[in-house]
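In the working numbering, the protein residues as written are 2 to 195.
Note that CB positions come from ideal geometry on N, CA and C, so glycine has one too.
Worksheet: the structure to be examined is printed underneath.
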Amino acid sequence: MMNKVYQALGKLDSRMLTGLMLFLIGLMVFEGWMLVLRKPYTELRQVISTRASLSSSLNQSANQSSEMNTVANELKQLSDTLSGELHLSATDDKMAATLMESLDHSARQHSITLFSVKPLATKPVSVFEEVSFEVSAKGQYLQLARWMLDFSNTLGSNVAVTEFDMKAAEEGKQVMLTLNIALYRPLKHAEVVQ
């Protein structure tokens, strides 16, 4: 069989045989070169894609940490605001005294007679402590309405009227008002964890 191959090659022109041999050698060199270069080229592409994904991950973590800092600062400001309004002290007695003083001053400005301010039960609500008071006052209807609308200026934005009842008083145009006011102050860390 090999003799037939040699005879067939012997019949071919020597230039064509040399060209064919050079072509085959060139093809093997090219294939070898591709095999040698393919692996480093693939690794280079993987390194580039890994670098890009790590870069985007680092950018995201930097953005997330800056967002976390922003949220922490906003939470601290909100807590300071809630603690600062009406000077909500840790003791209920001081807070009740401050509330009575603020309500009395506001009632005098609106020509309202303030009868009583009674503390009610306190209870935790989410991360806040709800401190409630029952307030009784008497005055003309429009003056009472203005007085209630002015609570956010008088008591701050951490106050809510949870219940109220209006009744006509015996003195003609006077109205008797009984309402429950809830103030919210942040719970201490120890209370939140429990």
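{"Item": "Between which two residues does the alpha helix (DSSP H) containing residue 159 stretch?", "Value": "No alpha helix (DSSP H) contains residue 159, which DSSP labels as neither H nor E."}
{"Item": "So, for residue 194: in the same chain, excluding its five sequence neighbours on each side, which residues have a beta-carbon less than 6 Å away from its beta-carbon?", "Value": "Note that residue 194 scores 42 on pLDDT, short of 50, meaning its location in the model is unreliable; the coordinates nonetheless yield the value given after this. The answer is none, since no qualifying residue turns up."}
{"Item": "Report the CB separation of residue 142 from residue 159 in whole angstroms; it is logged as a contact under 8 Å.", "Value": "So it is not a contact: roughly 27 Å between Cβ atoms."}
{"Item": "For the alpha helix (DSSP H) containing residue 9, list its first residue and its last residue.", "Value": "3-12"}
{"Item": "According to DSSP, what are the bridge partners of residue 187?", "Value": "129"}
{"Item": "Label residue 149 either buried or exposed according to how many other C-beta atoms from any shown protein chain fall within 10 Å of its C-beta, with 16 as the threshold for buried.", "Value": "buried"}
{"Item": "For the alpha helix (DSSP H) that residue 146 lies in, which residues bound it at each end?", "Value": "142-150"}
{"Item": "Can you tell me the Cα-Cα spacing of residue 44 and residue 37, whole angstroms?", "Value": "12 Å"}
{"Item": "Could you tell me the alpha carbon to alpha carbon distance between residue 103 and residue 139, rounded to whole angstroms?", "Value": "17 Å"}
{"Item": "May I have the straight-line CA-CA distance separating residue 13 from residue 21, to the nearest angstrom?", "Value": "11 Å"}
{"Item": "Using DSSP's beta-bridge definition, name the partner residues of residue 134.", "Value": "120, 182"}
{"Item": "Suppose you measure from the CA of residue 59 to the CA of residue 122; what does that come to, to the nearest Å?", "Value": "50 Å"}
{"Item": "Can you list, in chain order, the residues of its chain with a C-beta nearer than 6 Å to that of residue 133? Leave out the 5 residues immediately preceding and following it.", "Value": "121, 181, 183"}
{"Item": "Would you kindly check if the distance between the Cβ of residue 126 and the Cβ of residue 187 is under 8 Å?", "Value": "no"}
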